[in-house]
Structures are given as C-alpha cells and as structure tokens.
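**Q**
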Amino acid sequence: MSPLILDGKIASKALLDFLKPLVETLDPKLTVVQVGNDPASASYIKQKVKSCDSVGMRHEHRHLDENITIEELMEVIDGLNNDSDVTGFFVQLPLPAHLKSHEPDIIKAIDPMKDIDGFGAYNLGKVFLSKDFEHLPPATPSGIIRLLEHFDIEIAGKHAVVVGRSNTVGKPVAIMLLNRNATVTICHSKTADLAEQIKQADIVIAAVGKPKMITADMVKDGAVVVDVGIHRTDEGLSGDTDFEGLESKVSAISPVPGGVGPMTVASLIRNCVTAKERQMAIR
Ligand code: GUN
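Count along the sequence shown from 1, then add 1161; that gives the number in the numbering used here.
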C-alpha cells in the first residue's frame, strides 16, 4: 500500500491561511539579515520572503557585505533590537568563515523577544519547560510538529527516534516530541547500532545531514518518517532517507523537497506573529 505523503506544501498553506488574518490585524515586520553571498542562503531567503508576501507581512532585507566585521554586525543587531518597528529578525546561517567562531555571540546578542529563529538560550530554555512555554520555538522542529499534527499523526505514547543532535533541529524536536508525550530516543554519529535503534521507532525524525542514509531495512513496517535533510546530489535533490526504498514499507513519509522545508518557513512567520502578540501584551 502506498504511504500517506506528509505534504509540506499543503500543511504550510493551511498554517499560512490561518496566520494571514492575524498578520493583517497585528501588522508585524520581519527583518532578514544576510551576510555575504552564500547561494543556498540566497535561495532560502527568497522562499522566506515569498511566504511573507503570501500573507501580506512586511519584511526588510539587510544584505551586508561579506567582509563586515563582527563589531559592525553587532551594531546592526543592536539597531534592530532597539527599532520598535521591527517585530523580529534573524541572521541567516551559515556566516562567512571569519564570523563563524562568533556565531554563539551573535545569537546571544539578539533580543529574545525578537529571536524569530528561536535559536537563543532563552527561547530554547522555554521549550524545555513544557508545551505551554513554547513561545518562539526553533522553526524546523516547530514545522515538524505542525506537519505531524496536520496529518493527524498521533504523537502521545509513540516511540520517536530522532537521528541527529543539532541545537537547531535534533535536540529541540526531541524535547518538543517529549512535551507531547512521546517516548524519545536521540541517536547520533556515536550511537552503537543505529539501525537497531531506528527499528524500534513508530516515528523516525531523520536529521542526520547525510543523503539517503536511512534505508528501508532500518525501519519497522508502518513507521512514520519525517525527513529533515536536503542535499544536492547527481540525481537531483535528496533527503536523509531513501524515499523510493521506504515508500513500500512505511505508513507515512515526508517528501524532499516539499516536506519539512515549507513548514520551516511557515513556522518562522508564525513566530513573527507570536512575537508581535507578546510585544503588544507587554507594551
Ligand atoms: N540557514 C538554514 N536554515 C536556517 C534557519 O532556519 N535560520 C537561520 N538563521 N539560518 C538558516
């Protein structure tokens, strides 16, 4: 039997349709900070701007020179923190090589109330408290949860295996699944017998960063698979899972492209709306 396709275009449209009237009422503004000319970043930013336009959200693109110093970048961040017209902003990653070691300081410098990526310690810490405190959760984990919810995939009581332990995806999505009463295993490059762990999963979250690494022999019959990876290969775009191989074995699977990607973008917009709501409640 063919699996349910967890189509992120459909689920993100539903989320954006829900957000549109809120955008109209609250009138938030998102600022995108790009340093240099990384081609993948340019493409991600284009998608984010397109989604802003689709809901009528104001946006601004600060495209900064590749050779900007850390002091100059910090000044830009300070200006955005203090600009009351800017609801939220993010600094697109990856940064040019000379700024890479400053990444933690850059994330720390963003006002937690405007941290649309939800990458800072304050917003990540709130994700750890409980579902009710997930105010500005990181966009990809939030998008994964929304994708599962949209297609009525039960999370409570299920065994979720998260493959990957990044601060931006693996760790926070594991906590968000735990907040929804899943039993969660986190696997990584040093996990002994990875296939044996994945085989236990009702829900597999593949965020490894290696093309087609998770194959049909590694998952149990009827599992739900969410693929977070996106890689340019000789055969075109591929995720972290072998989609064609898994199709005949799983009950549901997200495609690449068109799965988690659009959900991440819609979740960023949701965070901007939430940020505006919370800022207005405080003012
Ligand atoms: N680069 C790739 N994905 C992201 C993201 O979600 N946020 C930021 N800031 N940079 C990225």
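Glycine included, every Cβ here is placed at the ideal spot set by N, Cα and C.
What do you reckon, are the CB atoms on V1323 and A1335 nearer than 7 Å?
**A** Your numbering for residue 1323 matches position 162 in the sequence shown. Your numbering for residue 1335 matches position 174 in the sequence shown. The criterion of a C-beta distance shorter than 7 Å is satisfied by V1323 and A1335.
**Q** Would you say F1404 lies against chain B (beta-carbon separation less than 7 Å)?
**A** Annotation note: the requested chain B is absent from the structure, which comprises a single protein chain.
**Q** Tell me, which residues are paired with Q1208 by DSSP?
**A** Within the sequence shown, residue 1208 is the residue found at index 47, counting from 1. Note: Q1208 sits in no beta bridge, so no partner.
**Q** Please confirm if the stretch 1406 to 1413 is in contact with the stretch 1189 to 1197, defined as three or more CB-CB distances below 8 Å between the two stretches.
**A** Three or more Cβ pairs closer than 8 Å define a contact, and the stretch 1406 to 1413 falls short of that threshold against the stretch 1189 to 1197.
**Q** Pick helix, strand or coil for L1225, following the three-state DSSP scheme.
**A** Taking the first residue of the sequence shown as position 1, residue 1225 is located at position 64. Residue state, collapsed to three classes: strand.
**Q** Taking C-alpha atoms, which residue in A1300, F1294, I1364, T1329 lies nearest to I1340?
**A** For this step, residue 1340 is matched to residue 179 along the sequence shown. First, the residue type needs correcting, since residue 1340 is Asn and not Ile in the sequence shown. F1294 is the residue among A1300, F1294, I1364, T1329 whose C-alpha sits nearest the C-alpha of N1340.
**Q** Residues around the ligand GUN, please: the condition is that the C-beta lies closer than 5 Å to some non-hydrogen atom of it.
**A** F1251, Q1253, L1254, D1278
**Q** Can you tell me the Cα-Cα spacing of D1313 and E1232, whole angstroms?
**A** To locate residue 1313, count along the sequence shown from 1; it is residue 152. To locate residue 1232, count along the sequence shown from 1; it is residue 71. Cα to Cα, the separation comes out at about 47 Å.
**Q** I'd like the ranges of any beta strand (DSSP E) spanning at least 3 consecutive residues and lying wholly in the stretch 1322 to 1395.
**A** 1344 to 1348, 1364 to 1367, 1385 to 1388, 1392 to 1394
**Q** Return helix, strand or coil for H1118, following the three-state DSSP convention.
**A** Only positions 1162 to 1444 of the chain appear in the structure, and residue 1118 is not among them; the question remains open.
**Q** Can you have a look at F1179 and say buried or exposed, based on whether 16 or more other CB atoms are within 10 angstroms of its CB?
**A** Mapped onto the sequence shown, residue 1179 falls at position 18. With fewer than 16 other Cβ atoms within 10 Å, it is exposed.
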